[in-house]
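Inspection log for the structure reproduced underneath, given as structure tokens.
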Amino acid sequence: MTSLTDDSFAFEYQPIEGVERLERYRPGGYHPIRVGDMLNDRYQVIHKLGHGAYSTIWLSRDTQRAAYVAVKVGTADSSPHESDVLRSLTDDCPTVARGRSMIPKILDHFEIRGPNGRHKCYVTAPAQSSVSAAIFSRHFQLETARVLAAQLALAVACIHAQGYVHADLHLGNILIRLSSSFDQLSVDQFYAKFGEPYTEPITRLDGQPLPPGVPTHGTMPVWLGKRANEIPPEEAHLLLSDFGESFSPSNDSSPGHQRRGEDCHTPLPVAPPEAYFEPTTPLSYSADIWSLACAMWSIFGMRSLFDATLATQDYMVSQQIDILGPLPPTWWEVWEARHGYFERLGVPKKDRFIYLSLEQSFELHVQASRRRDKMPYFGDEEKRDILDMLRRMLVFKPEDRASVEDVLGSEWMVKWGVPAVEEFCPQIQGRT
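Counting from 2, one number per residue, gives the positions in the sequence shown under the numbering used here.
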């Protein structure tokens with residue numbers, strides 16, 4: 002079925018900041034939901050958690066279990082691919098496997114019929130915020146950063162062990178769980194603590210009445226999280242989300258399928274370079290390793306390793322060379338834009354901004370930034386272990402890049418990452 006993306010039609014409604022593209026409320030698109038609705042005769046909608054191009058997500062109260070849940074309501078034209086992948090991952094992964102608890106478990110699933118079509122819904126545990134939102138202008142405490150980075154590596158290891166590539170690893174898809182005490186709040190107590198939903202009326206730009214299938218009001222998402230520096234390590238329980246891009250490199254009959262580089266939808270700052278230089282070659286597990294390294298860097302240091310501000314693909318390549326070193330010769334020779342950034346292999350033009358090396362960037366953007374914010378910074382031994390691990394993960398050629406098993410066996414994971422998880426989050430530990 003052909004689906005409509007957010008950019009495939011003109012604006013018809015007055016945009017509301019923080020709210021989904023309202024033009025998607027049409028046949029094949031979003032289902033109109035209001036706070037207070039009862040979904041599947043069980044889930045009372047309490048607030049909005051967020052939205053994507055193909056779903057809205059609602060904080061709801063499970064009236065049977067007296068617990069809060071996240072209900073993801075897909076657009077009518079969306080595929081059940083993500084829920085199929087999640088079921089495959091959680092059903093097939095051993096209960097005691099390390100990393101399993103970071104993969105969302107589908108608690109329930111059902112279908113809604115509405116004015117815009119039939120919408121598949123599934124229910125998971127809610128999260129307080131994404132890591133991306135938490136680190137806005139704030140650093141994590143060292144112990145918290147260790148716990149989160151190590152859990153992310155364990156989650157990726159669990160996914161890879163089940164034969165899947167996540168294919169969309171970035172901080173917006175890495176969530177921090179709500180504490181177990183959250184369920185003890187009544188709905189009134191929840192509103193007293195976090196505020197009642199804020200809505201704005203939806204209006205057409207031409208002044209005409211709203212058509213069927215469009216809600217009367219847009220709902221702003223609630224903020225349930227804490228700033229990075231306020232999250233203690235014992236509360237840093239990670240949840241990896243958004244498996245809509247996931248695929249299985251080795252099994253065409255699985256819910257996922259092989260993905261070529263040119264079909265990679267990972268955001269540019271964390272996308273593996275082979276997606277650009279080898280567009281017709283199937284991606285594999287190594288694509289996740291590049292993105293994992295970029296995510297771990299941001300957890301350690303609050304900012305992205307590669308600057309995405311107004312960046313084009315070729316500008317991003319020039320950054321990667323500045324920071325990591327020369328491209329493989331075969332890639333260098335086919336990179337047509339190289340003369341705009343470099344005099345020759347490894348020698349940048351003097352009339353452009355030149356980015357610091359990986360080691361220099363770590364000192365300036367992680368260590369010095371932490372000192373400036375009066376936050377603890379990494380000792381020399383841990384810094385060496387981090388950089389050694391990241392260097393092996395950020396190798397240009399995917400076949401030479403570290404595997405997730407190599408990451409788990411790295412000095413940093415063995416000496417710093419896994420011990421932090423065992424100390425502060427022992428309940429998520431298992432044995433592979």
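In this text, a Cβ means the ideal position worked out from N, Cα and C, and glycines have one as well.
{"Check": "Sufficient close CB pairs (3 or more, under 8 Å) joining the segment 280-297 to the segment 153-169", "Outcome": "yes"}
{"Check": "For Leu240: DSSP bridge partner residues", "Outcome": "Leu176"}
{"Check": "Endpoints, the alpha helix (DSSP H) within which Arg277 is located", "Outcome": "This sequence places Tyr at residue 277; Arg is not what is there. Glu275 to Phe278 is the span of the alpha helix (DSSP H), which, as asked, contains Tyr277."}
{"Check": "Inter-residue spacing [alpha-carbon to alpha-carbon] between Ile300 and Ile232", "Outcome": "13 Å"}
{"Check": "Burial state of Pro377 (16 or more Cβ within 10 Å)", "Outcome": "exposed"}
{"Check": "Cut-off 8 Å between Cβ atoms - residues of its own chain near Asp193, not counting five sequence neighbours on either side", "Outcome": "Looking at the sequence provided, one finds Ala at residue 193 rather than Asp. No residues qualify anywhere along the chain."}
{"Check": "According to DSSP, residues forming a beta bridge with Ala128", "Outcome": "Arg178"}
{"Check": "Identity of the residues DSSP links to Cys159 by a beta bridge", "Outcome": "Bridge partners of Cys159: none, in fact."}
{"Check": "Leu60 versus Gly341 - alpha carbon distance", "Outcome": "49 Å"}
{"Check": "Endpoints, beta strand (DSSP E) assigned at Gln45", "Outcome": "Tyr44 to Gly53"}
{"Check": "Cβ contact (3+ pairs, closer than 8 Å) linking the segment 203-219 and the segment 147-155", "Outcome": "no"}
{"Check": "Assigned secondary structure, Trp59 (DSSP; H/G/I helix, E/B strand, else coil)", "Outcome": "strand"}
{"Check": "His266, DSSP secondary structure in three states", "Outcome": "coil"}
{"Check": "Residue range of the unbroken beta strand (DSSP E) whose run includes Asp289", "Outcome": "Unbroken run through Asp289 is the alpha helix (DSSP H), Tyr286 to Gly302; no beta strand (DSSP E)."}
{"Check": "According to DSSP, residues forming a beta bridge with Cys122", "Outcome": "Val74 and Phe111"}
{"Check": "Alpha-carbon to alpha-carbon, Asp92 and Leu186", "Outcome": "31 Å"}
{"Check": "7 Å CB neighbourhood of Pro127 in its chain, flanking five on each side removed", "Outcome": "Leu50, Leu60, Tyr69, Val70, Ala71 and Leu179"}
{"Check": "C-alpha distance - Met39 paired with Phe307, whole-angstrom precision", "Outcome": "44 Å"}
{"Check": "Cβ-based neighbour list, Ser247, same chain, cut-off 6 Å, excluding 5 preceding and 5 following", "Outcome": "Val86, Tyr165, His167, Ala168 and Gly257"}
{"Check": "In DSSP terms, what Arg261 is bridged to", "Outcome": "Pro283"}
{"Check": "For Phe248, the three-state DSSP class (helix, strand or coil)", "Outcome": "strand"}
{"Check": "Whether Ile290 touches Ser404 by CB criterion (9 Å)", "Outcome": "yes"}
{"Check": "First through last residue of the beta strand (DSSP E) which encompasses Pro330", "Outcome": "Careful: Pro330 lies outside any beta strand (DSSP E), inside the alpha helix (DSSP H) at Pro330 to Val335."}
{"Check": "Residue(s) in a DSSP beta bridge with Thr220", "Outcome": "Thr200"}
{"Check": "Nearest candidate by alpha-carbon position, reference Asp109, set Ile203, Trp332, Trp224 and Asn41", "Outcome": "Asn41"}
{"Check": "For Glu382, the nearest candidate out of Trp417, Pro399, Leu359 and Leu357 (CA to CA)", "Outcome": "Trp417"}
{"Check": "Where Val271 sits in the DSSP three-state scheme", "Outcome": "helix"}
{"Check": "For Ile322 and Gly19, the rounded distance between their alpha carbons", "Outcome": "36 Å"}
{"Check": "Leu40 (DSSP reduced to helix, strand or coil)", "Outcome": "strand"}
{"Check": "Proximity winner among Met414, Glu13 and Leu409, relative to Gly208 (alpha-carbon distances)", "Outcome": "Glu13"}
{"Check": "Proximity of Tyr123 and Ser181 at Cβ, strictly below 9 Å", "Outcome": "no"}
{"Check": "Touching by the beta-carbon criterion (3+ pairs, under 8 Å), the segment 422-429 and the segment 318-338", "Outcome": "no"}
{"Check": "Option in Arg88, Asp374 and Pro399 with minimal Cα separation from Leu143", "Outcome": "Asp374"}
{"Check": "Among Tyr277, Asp264 and Pro268, the one whose alpha carbon lies nearest that of Val335", "Outcome": "Tyr277"}
{"Check": "Separation of Ala146 from Trp413, as counted between CA atoms", "Outcome": "12 Å"}
{"Check": "Buried versus exposed, by CB contacts within 10 Å (16 or more), Gly37", "Outcome": "exposed"}
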